[in-house]
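A.B. asks: Numbering (UniProt numbering), first residue to last: 1 to 154. Positions of the beta carbon are idealized from the N, C-alpha and C atoms, including for glycine. Fair warning: this is a prediction, and the values are worked out from it, not measured in the lab. Okay, handing you the structure first.
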């Protein structure tokens, strides 16, 4: 059973929500666009947007999403193996091996988080890394450029 204070708090929250809704509906579309740029809008509320426009916008967002998810997966996998392989050599206990593997995966996912966060806030100035193959090719070219001719991988 609710106490009086809890009921009053719920009523105040409801009143605040209703006041925000009334305020939001009192603006015209032009005023809303001027006050809040479209990039900052929540997906749930976009005034005067037809369902076709919303569908097209969401499809466009879905096409852009896998690039970031692929970056997360590749960096997480590389971090996982960069922690797993040395852990198998250095440690005998299962706990230390799991801890080293988790640290490697955490570092890889943290690195991917930083890249994706920068890309999502500044997509024009930051280039998100491409596929896993492009990343491996870039690293192998970097290593090959520093090796003598006899040791280069072709």
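Contact check, residue 108 vs residue 88 under 8 Å by CB: the rounded distance?
C.D. replies: The Cβ separation is near 17 Å, so there is no contact.
A.B. asks: For residue 152, which of helix, strand or coil comes out of DSSP?
C.D. replies: coil
A.B. asks: Excluding sequence positions up to five away, which residues of its chain have a Cβ less than 7 Å from the Cβ of residue 84?
C.D. replies: 101, 104
A.B. asks: Which term fits residue 74, buried or exposed, when burial requires 16 or more other beta carbons within 10 angstroms of its beta carbon?
C.D. replies: buried
A.B. asks: CA-CA distance, residue 144 and residue 55?
C.D. replies: 46 Å
A.B. asks: Assuming residue 117 is part of the alpha helix (DSSP H), what are its boundary residues?
C.D. replies: 94 to 121
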